[in-house]
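The working numbering runs 472 ahead of the 1-based position in the sequence shown.
Glycine included, every Cβ here is placed at the ideal spot set by N, Cα and C.
Notes follow the structure.
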Amino acid sequence: MTLYDTAVVGGGPAGLSAALHLAWQDREVLLIDRATGPLFYTLEKLYNVPGMPEATGVEIQKRLKAQARERGAEIVFGSVVSITGQAGDFLLAGAQGAKAQEWRARTVLLATGVARFHPTVDGDYTPCFAYAGKGNLYYCTDCEGPEIVGKDTVVIGAGPAEWAATLALGLTRYTPHVRVLVTGEDTAISPHRAEQLAERGIPVLQGEIKALVGERHDLKALELADGSRIAAEAFFVSSSARGRTDLATQLGVELAPGGELAKEWKIRRAPTPESLFSMASGIIYQQPIAPQPISASVIRAQLARGAPGRDAVREMMSPAVLRYIDQHHLYSDQAHQQDAT
Ligand SMILES: Cc1cc2nc3c(=O)[nH]c(=O)nc-3n(C[C@H](O)[C@H](O)[C@H](O)COP(=O)(O)OP(=O)(O)OC[C@H]3O[C@@H](n4cnc5c(N)ncnc54)[C@H](O)[C@@H]3O)c2cc1C
């Protein structure tokens, strides 16, 4: 069995970029991917990917794959279910198509992306596939927010209602016509958020989705269990997403409390620079392989954001940086005040 220099698990933009760079550096690299990343299903044009204006997700995937292959990366369609061993000789086991398969590599790079949860329609999450990434059912505010400028938009709260409320408020940057539909069990919205929604005239509706009403790639309305219909020009999903960290966990990577980021970038059993693990960030071209030096001013800016900034600091910083924060009393009063409001 070939012993590759690196096995990359995951062939979205992060994994393909990593494979390209490794191949360019003359490493023998194998990329294993089961092709479930969002861009494989995104037929809409993306406008914010550098160097590829107006390419669809599918085209972006194709181009990244072709470039990595051209440089010598070997790419296979397969699924990895377990990784054992240690730096120098990892054994990856899974399936290539219908056939059980094993691969060996000196180092492993995980670029397995993020799993997103779709809203359920009469208990089934698959009806959303007909519209996600293809028409007017959106998931990613950063990527897709500009698509809804001025449009009558419904935020489908498939996770906690508080998140849906926050997303709706954020979308008012693009359109004043926003409503929230809370579908999940967690219907609580904090008084502070409720006040902000009221100030901006955002109504909050509640109900279970019974059917999606639309034509090819164009969602027109949500039919609710009580028979009513909510029509809109655009629909935005608010739901939870989680990093696919199962393989990292198997290898003993210690995760931060949020469960998504490696607490330290190094796997403890193999603290050599070559065996640094990367948890794909879910952001194209943002693919940290080694810890970045972080200045005090960056930490201060994060902490000034209040609770979210503090969580980010806790999850992303090394113990040494956290000690630095404590020693320099960087949890400012301003940060605490922002929490309280
Ligand atoms: C609807 C939508 C629109 C978007 N639009 C934009 C946009 O306009 N611009 C932009 O920059 N970003 C956009 N994004 C975000 C972008 O798609 C993601 O940031 C990007 O795909 C993340 O890349 P990734 O490589 O980290 O993960 P992914 O693309 O999720 O790739 C991970 C890959 O790993 C594979 N995998 C996971 N586990 C295993 C395993 N055990 N074995 C084998 N393979 C495995 C998965 O099948 C998947 O193919 C959009 C996202 C969505 C959902």
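Where do the ends of the beta strand (DSSP E) carrying Ile555 lie?
The sequence position of residue 555 within the sequence shown is 83, counting from 1. Its beta strand (DSSP E) spans residues 551 to 558.
Rank Gly656, Ala507, His493, Ala565 by C-alpha distance to the C-alpha of Leu696 and give the top, closest one.
Here residue 696 refers to the residue found at position 224 of the sequence shown. Checked all of Gly656, Ala507, His493, Ala565; the closest Cα to Leu696 is Gly656.
Who are Tyr476's beta bridge partners in DSSP?
Stepping through the sequence shown from its first residue, residue 476 is reached at position 4. Ala577.
Please give the ranges of any alpha helix (DSSP H) in the stretch 592 to 644, keeping only runs that are unbroken, at least 4 residues long and fully inside the region.
Here the runs fully enclosed are 613 to 616, 633 to 643.
Is Leu532 helix, strand or coil when you go by DSSP?
By 1-based counting over the sequence shown, the position of residue 532 is 60. Per the sequence shown, residue 532 should be read as Ile rather than Leu. Three-state result, Ile532: helix.
Should Thr629 and Gly484 be called a contact, given that it needs their Cβ atoms to be closer than 8 Å?
In the sequence shown, counting from the first residue as 1, residue 629 sits at position 157. In the sequence shown, counting from the first residue as 1, residue 484 sits at position 12. A quick correction: the sequence has Gly, not Thr, at residue 629. No, Cβ-Cβ distance for Gly629 and Gly484 is not below 8 Å.
Between the C-alpha atoms of Phe708 and Ala636, what's the straight-line distance to the nearest angstrom?
Taking the first residue of the sequence shown as 1, we reach residue 708 at position 236. Taking the first residue of the sequence shown as 1, we reach residue 636 at position 164. Looking at the two C-alpha atoms, the distance is approximately 9 Å.
Can we count Ala507 as close to ligand 1, meaning its CB is less than 7 Å from some heavy atom?
By 1-based counting over the sequence shown, the position of residue 507 is 35. Yes, the Cβ of Ala507 comes within 7 Å of a heavy atom of ligand 1.
Are the beta-carbon atoms belonging to Leu691 and Leu609 less than 8 Å from one another?
Translated into positions along the sequence shown, residue 691 becomes position 219. Translated into positions along the sequence shown, residue 609 becomes position 137. In contact: Leu691 and Leu609 (Cβ atoms closer than 8 Å).
From the DSSP output, which residues share a beta bridge with Val654?
Translated into the one-based positions of the sequence shown, residue 654 becomes position 182. Paired residue(s): Gly629, Gln678.
Hey, would you say Gly815 sits closer than 8 Å to Arg578, going by beta carbons?
Only positions 473 to 813 of the chain appear in the structure, and residue 815 is not among them; the question remains open.
Three-state secondary structure (DSSP) at Leu518?
Taking the sequence shown and counting its residues from 1, the one referred to as residue 518 is at position 46. Leu518: strand per DSSP, three-state reduction.
For Leu643, which residues of its own chain have a beta-carbon under 8 Å away from its beta-carbon, when the five flanking residues on both sides are left out?
Walking along the sequence shown from the start, residue 643 turns up at place 171. Thr613, Gly617, Ile620, Thr625, Val627, Val650, Phe708, listed in sequence order.
So, helix, strand or coil for Leu492, using DSSP?
Counting from 1 along the sequence shown, the entry for residue 492 is found at position 20. Helix, per DSSP.
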